[in-house]
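**Q** Below you will find the structure I want to go over with you.
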Amino acid sequence: MELYKKSAAELSALIKNKSCSVEEATKSVMDRITQVENKVDAYITICEQDALTKAREVDEKIAKGEELHPLAGIPIGIKDNISTKGILTSSASKMLSNYIPPYNATVIDKINSAHMIITGKTNLDEFAMGSTTETSYYKPTKNPHNLAKTPGGSSGGSAAAVSAGQAVLSLGSDTGGSIRTPAAFCGVVGLKPTYGAVSRFGLIALASSLDQIGPIGRTVTDVAMLYSLICGHDNMDATTKNIKHGDYAKNLSSDIRNISIGIPTEYFNLDLNDEVRDSITKAIKKYEELGCNIKEISLSSNEYALPTYQIISAAEASSNLGRYDGVKFGYRSSDYANLNEMYVNTRSEAFGDEVKSRILLGTFALSAQGYNDYYYKAKLMQQQISSEFTEAFNECDAILTPTTLTSAFDLGTDAIGDADSCTVAANLAGLPAINLPCGLDSDSMPIGMQIIGKKFDEQTILNIAFAYENACGIVNMPEIV
Ligand code: GLN
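Written as structure tokens, this is what we have:
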């Protein structure tokens, strides 16, 4: 039995009825990593020994008859900007290439208390800045469907690992599309939760007002299971909201009759690749067949979403990255004669080009000279984008758009920014949004659609995704050649 090919829900059932042990499941995934990692490069750190030890511990608990969480024993990859106590957490930067956190992110505590098995830490763009995983200090990750192409970013390692069977589930983070873009390019499901639904405690910040951690899986059910585990109020993150979350997996329903789905005209006026447009159009027809009401709506400010995002995210990043000065933790230059030189050389040597350019842009946007013209205007535009969504949701229950303008492009294509035109608005407005695979192009590369929901209404977008997946199936795991 090739256990690494199973979904989390299937594996959970096999473990529960004792058709396989957690050790067998973990071994299967670890063997798959050994088999394909030199081609895919999804991981920065692989935790093979710890994973197998933990797996045996979980098997012992099962043998003793302990009642465990449904995700107990399921192998999960963690994006390397999420703090893991005692395990390198580099954020794919030279700056943190020696950083071993003394504490766990809240989501990691939850994963450990559910007895999931951490397979390792996955690759990303440096400090999550990028859409291709190529700004990583370590290496670019490859798309398992075609190794010459990007898996997307910044959570490219997390999406590629799940797509290739090198993890059953993974965690990513999404500031402007970093879960949804790689999920679209790799043919997997990825959810960016509502801002404030999942604790950011222990997430290495890019832009704190936009960042959210979220699940990536091969099926909607798997994503719903992991989301149910990680969401909820946390005293360590004052931006998490104290509301009651149900069990999103148990409450999944594919009866979506009379749900109304808004189709924003402006997204379809973007420079969309024809095959992406065709796939999304077919998906919309499928939703009509499934009984949804399809409504054309307008989100005219989306035109300004990308520059608005670029200013706000760079401004916050420039402030968040101020802490990396070589004093308290992380990299320190060995070449300096005084304190100032130590700061300058540390930051010059350990940040990559993309990070440096965003620090420059962000610092300028917040300066006395730039504030009114850039940062303040971007914040006003953000409000407008948000209120347009609020109005749109008076007319529909969810909004369907492409996730990306094209399928995965070749590694080495200079495309930072363009890949995000459909995804950043959900972050600016704090809304939940999911990527769901909706077909393959003529080169057999996956295409994704995005479903955006009302705040804290993850259940509706998960149901809409679930109904489509039940009708059309999931993307086959690629042969890796
Ligand atoms: N690609 C976007 C950027 O470069 C989004 C990154 C993210 O969501 N972390 O900023």
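Each residue of the sequence shown is one higher than the last, beginning at 626 in this note's numbering. The beta carbon of each residue, even a glycine, is placed where N, CA and C say it ideally should be. Given the structure is predicted, the values throughout are model-derived calculations rather than measurements.
May I ask you to report which of helix, strand or coil DSSP gives PRO807?
**A** Locating residue 807 in the sequence shown gives position 182, where the first residue counts as 1. Looking at PRO807 - three-state DSSP - the assignment turns out to be helix.
**Q** For the segment 854–907, which segments carrying the beta strand (DSSP E) assignment without a break, of at least 3 residues, lie completely within its bounds, in sequence order?
**A** Counting whole runs of 3 or more residues, the segment 854–907 contains the beta strand (DSSP E) stretches 885–889.
**Q** Would you say the beta carbon of ASP998 comes nearer than 8 Å to a heavy atom of ligand 1?
**A** Here residue 998 corresponds to residue number 373 of the sequence shown, with the count starting at 1. No, the Cβ of ASP998 stays beyond 8 Å of every heavy atom of ligand 1.
**Q** In terms of DSSP beta bridges, what is ASN768 paired with?
**A** Within the sequence shown, the letter at position 143 stands for residue 768. ASN771, per the DSSP bridge assignment.
**Q** Assign GLY987 to one of three DSSP states: helix, strand, or coil.
**A** Start at 1 with the first residue of the sequence shown, and residue 987 comes out as number 362. Reduced to three states, the DSSP call for GLY987 is helix.
**Q** Have a look at ILE1114 and ASP862 and give me their C-alpha separation to the nearest angstrom.
**A** Beyond the ends of the chain as shown, which are 626 and 1106, falls residue 1114; an answer cannot be given.
**Q** Taking only heavy atoms of ligand 1 into account, decide whether any of them is closer than 8 Å to the Cβ of ALA753.
**A** Position 128 of the sequence shown holds residue 753. Answer for ALA753: yes, Cβ within range of ligand 1.
**Q** Tell me, which residues are paired with GLU921 by DSSP?
**A** Within the sequence shown, numbered from 1, the residue matching residue 921 stands at position 296. According to DSSP, GLU921 bridges with ILE888.
**Q** For CYS856, collect the residues of the same chain with a Cβ closer than 7 Å to its Cβ; drop the 5 residues on either side in sequence, then sort them by chain order.
**A** Numbered from 1 along the sequence shown, position 231 holds the residue referred to as residue 856. PRO818, ALA822, VAL823 and HIS870, listed in sequence order.
**Q** With contact counted as at least three CB pairs below 8 Å, one residue from each stretch, are the segment 1010–1027 and the segment 1045–1064 in contact?
**A** Yes: at least three Cβ pairs fall under 8 Å.
**Q** Could you have a look at GLN791 and say whether DSSP puts it in helix, strand or coil?
**A** Numbered from 1 along the sequence shown, position 166 holds the residue referred to as residue 791. Note: GLN791 maps to coil in three-state DSSP.
**Q** Would you decide whether GLN837 is buried or exposed? Buried here means 16 or more other CB atoms lie within 10 Å of its CB.
**A** On the sequence shown, position 212 is the one that residue 837 refers to. Buried, by the Cβ-count rule.
**Q** Whole angstroms is fine: what's the gap from PHE976's alpha carbon to ASP799's?
**A** On the sequence shown, position 351 is the one that residue 976 refers to. On the sequence shown, position 174 is the one that residue 799 refers to. Cα to Cα, the separation comes out at about 21 Å.
**Q** For TYR949, I'd like the list of residues in its chain whose CB is within less than 6 Å of its CB, leaving aside the five on either flank, ordered along the chain.
**A** As a first step, residue 949 is located in the sequence shown; it is residue number 324 there, counting from the start. So the list reads MET720 and GLY955, once near-sequence residues are dropped.
**Q** Going by the C-beta, is TYR934 closer than 8 Å to any heavy atom of ligand 1?
**A** Position 309 of the sequence shown, counted from the start, is the residue given in the question as residue 934. True, at least one ligand heavy atom lies under 8 Å from that Cβ.
**Q** For GLY947, does the count of other Cβ atoms within 10 angstroms reach 16, so buried, or fall short, so exposed?
**A** Position 322 of the sequence shown holds residue 947. Per the 10 Å Cβ criterion, exposed.
**Q** Quick one: is ASN748 buried, meaning 16 or more other Cβ sit within 10 Å of its Cβ, or exposed?
**A** Translated into positions along the sequence shown, residue 748 becomes position 123. Label assigned to ASN748: buried.
**Q** Check the C-beta distance from ILE841 over to ALA809 and give it rounded, since I have them as a contact under 8 Å.
**A** Sequence index remark: in the sequence shown, residue 841 carries index 216 (1-based). Sequence index remark: in the sequence shown, residue 809 carries index 184 (1-based). Not a contact, Cβ separation roughly 11 Å.
**Q** Mind the definition here: the segment 763–771 touches the segment 650–660 only if three or more C-beta pairs lie below 8 Å; say whether that holds.
**A** Contact fails: fewer than three Cβ-Cβ distances are below 8 Å.
**Q** How would you write the range of the beta strand (DSSP E) that ASN1052 sits in, first residue to last?
**A** In the sequence shown, residue 1052 corresponds to position 427, counting from 1. Per DSSP, ASN1052 belongs to no beta strand (DSSP E); it is in the alpha helix (DSSP H), 1049–1054.
**Q** Are the CB atoms of ALA1096 and LYS911 within a distance shorter than 9 Å?
**A** For the purposes of this step, residue 911 is identified with residue 286 of the sequence shown, where counting begins at 1. For the purposes of this step, residue 1096 is identified with residue 471 of the sequence shown, where counting begins at 1. Result yes, Cβ atoms of LYS911 and ALA1096 sit closer than 9 Å.
**Q** For LEU628, which residues in the same chain have their Cβ closer than 7 Å to its Cβ, ignoring the five residues on either side in sequence?
**A** Residue numbering aside, residue 628 sits at position 3 when the sequence shown is read from its first letter. Taken in chain order, the residues that qualify are LEU636, CYS645, GLU649, ALA650 and SER653.
**Q** State yes or no: is the C-beta of ASP675 nearer than 8 Å to some heavy atom of ligand 1?
**A** Stepping through the sequence shown from its first residue, residue 675 is reached at position 50. No, the beta carbon of ASP675 sits no closer than 8 Å to any heavy atom of ligand 1.
**Q** Within the segment 641–699, note down every full beta strand (DSSP E) run reaching 3 residues or more, in order along the chain.
**A** Qualifying beta strand (DSSP E) stretches, in chain order: 668–671.
**Q** Using the beta-carbon count (16 or more within 10 Å), is ILE868 buried or exposed?
**A** If you number the sequence shown from 1, residue 868 lands on position 243. The residue is exposed, with fewer than 16 neighbouring Cβ atoms inside 10 Å.
**Q** In angstroms, rounded to a whole number, what distance separates the CA positions of SER904 and THR1031?
**A** If you number the sequence shown from 1, residue 904 lands on position 279. If you number the sequence shown from 1, residue 1031 lands on position 406. Their backbone Cα atoms lie some 11 Å apart in a straight line.
**Q** Can you determine whether any heavy atom of ligand 1 sits closer than 8 Å to the C-beta of ASN883, and answer yes or no?
**A** Stepping through the sequence shown from its first residue, residue 883 is reached at position 258. No, the Cβ of ASN883 stays beyond 8 Å of every heavy atom of ligand 1.
**Q** Our contact map puts ILE1059 next to GLN1075 with C-beta atoms below 8 Å; I'd like the distance itself, whole angstroms only.
**A** Within the sequence shown, numbered from 1, the residue matching residue 1059 stands at position 434. Within the sequence shown, numbered from 1, the residue matching residue 1075 stands at position 450. With 8 Å as the limit, ILE1059 and GLN1075 qualify as a contact, their Cβ atoms being about 7 Å apart.
**Q** Figure out for me which residue from ILE671, ASP899, VAL901 and LEU693 has the closest Cα to the Cα of ASN642.
**A** Along the sequence shown, read from residue 1 onward, the residue named residue 642 stands at position 17. Checking every option, the nearest Cα to that of ASN642 belongs to LEU693.
**Q** In terms of residues, what are the limits of the beta strand (DSSP E) holding THR747?
**A** Sequence index remark: in the sequence shown, residue 747 carries index 122 (1-based). That run of the beta strand (DSSP E) goes 742–747.
**Q** Can you name the start and end residues of the alpha helix (DSSP H) that MET1006 belongs to?
**A** For the purposes of this step, residue 1006 is taken as residue 381 along the sequence shown, with counting starting at 1. 1001–1020 is the extent of the alpha helix (DSSP H) around MET1006.
**Q** Of the choices GLN660, ALA908, ALA784 and GLN1009, whose alpha-carbon is the least far from that of LEU1065?
**A** Taking the sequence shown and counting its residues from 1, one reaches residue 1065 at position 440. The shortest Cα separation from LEU1065 among GLN660, ALA908, ALA784 and GLN1009 belongs to ALA908.
**Q** For SER1107, is the beta carbon positioned less than 8 Å from some heavy atom of ligand 1?
**A** Here the chain comprises residues numbered 626 to 1106, so residue 1107 is not present and cannot be evaluated.
**Q** Roughly how many angstroms separate the alpha carbons of THR929 and GLY1078, rounded to a whole number?
**A** Numbered from its first residue, the sequence shown carries residue 929 at position 304. Numbered from its first residue, the sequence shown carries residue 1078 at position 453. In the sequence as presented, Thr is not what sits at residue 929; that position holds Tyr. Those two C-alpha atoms are separated by around 20 Å.
**Q** In whole angstroms, what separates the C-alpha of LYS664 from that of ALA942?
**A** In the sequence shown, the residue the question calls residue 664 occupies position 39. In the sequence shown, the residue the question calls residue 942 occupies position 317. One C-alpha to the other measures close to 32 Å.
**Q** Measure the beta-carbon distance from GLY607 to GLY839 and round it to whole angstroms, keeping in mind my assumption that it falls under 8 Å.
**A** Residue 607 falls outside the range modelled here, since the chain spans only 626 to 1106, and no answer is possible.
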